[in-house]
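In my numbering, the protein residues as written are 784 to 968. Yeah, the Cβ is synthetic: ideal placement off N, Cα and C, and Gly gets one too. Quick caveat, the model's predicted, so the values are computed rather than measured. Structure, as structure tokens:
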């Protein structure tokens, strides 16, 4: 797949119907955006790209537009969910995918990642993949979750229900990072 340089001139976010999935839909793999669809992706603001560049960040990719739900903001849940059927790119290495597919004592293993908020504060979190089994579906639905320290990010930011965040991934020395960019900023 050919990588393209992102044009940072405008922003756009995906639709807000994140929770809706048709009954017959059973996707587990993320939607990989091809060259023709890349013009529909939101644009990373120049000041954000400059910050990533100063951090020696590489492989910047748009992951998804996340509409925040009550469960994402519940401090007791301490997690941000990212349904695989809403992911726009393949941002994990093969090694990372194998780790996320591995269970230890019937619990999924996680990857340590760095998450930056819109003020560029760093939070160390764990990325895990959960398979959600629903009674009405034959196949489980897979969800990435950012856990551990999510509540710290919530407490330091004024995130609200129905707010949209553009989520970007990038790497510094091959370590996976995420950036949560407020859609309205």
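Cutoff 7 Å; reference residue i; Cβ partners in own chain excluding five residues on either side
i	result
residue 936	898, 900, 906
residue 839	955
residue 942	851, 856
Residue i (DSSP reduced to helix, strand or coil)
i	result
residue 884	helix
residue 899	strand
residue 841	strand
residue 811	A caution first: residue 811 carries a pLDDT of 44, below 50, which makes its placement in the model unreliable, though a value can still be read off. In this structure, residue 811 counts as coil in the three-state DSSP scheme.
residue 951	strand
residue 960	strand
residue 827	coil
residue 833	helix
residue 914	strand
residue 965	strand
Span of the beta strand (DSSP E) around residue i
i	result
residue 924	924-930
residue 936	Run containing residue 936: none in the beta strand (DSSP E); it sits in the alpha helix (DSSP H), 933-939.
residue 863	862-866
First through last residue of the alpha helix (DSSP H) which encompasses residue i
i	result
residue 876	Run containing residue 876: none; DSSP gives neither H nor E here.
residue 854	853-856
6 Å Cβ shell around residue i - same chain, five flanking residues per side excluded
i	result
residue 864	926, 928
residue 862	928, 930, 933
residue 952	844, 846, 874, 961
Per DSSP, the bridge partner or partners of residue i
i	result
residue 907	897
residue 943	According to DSSP, residue 943 bridges with nothing at all.
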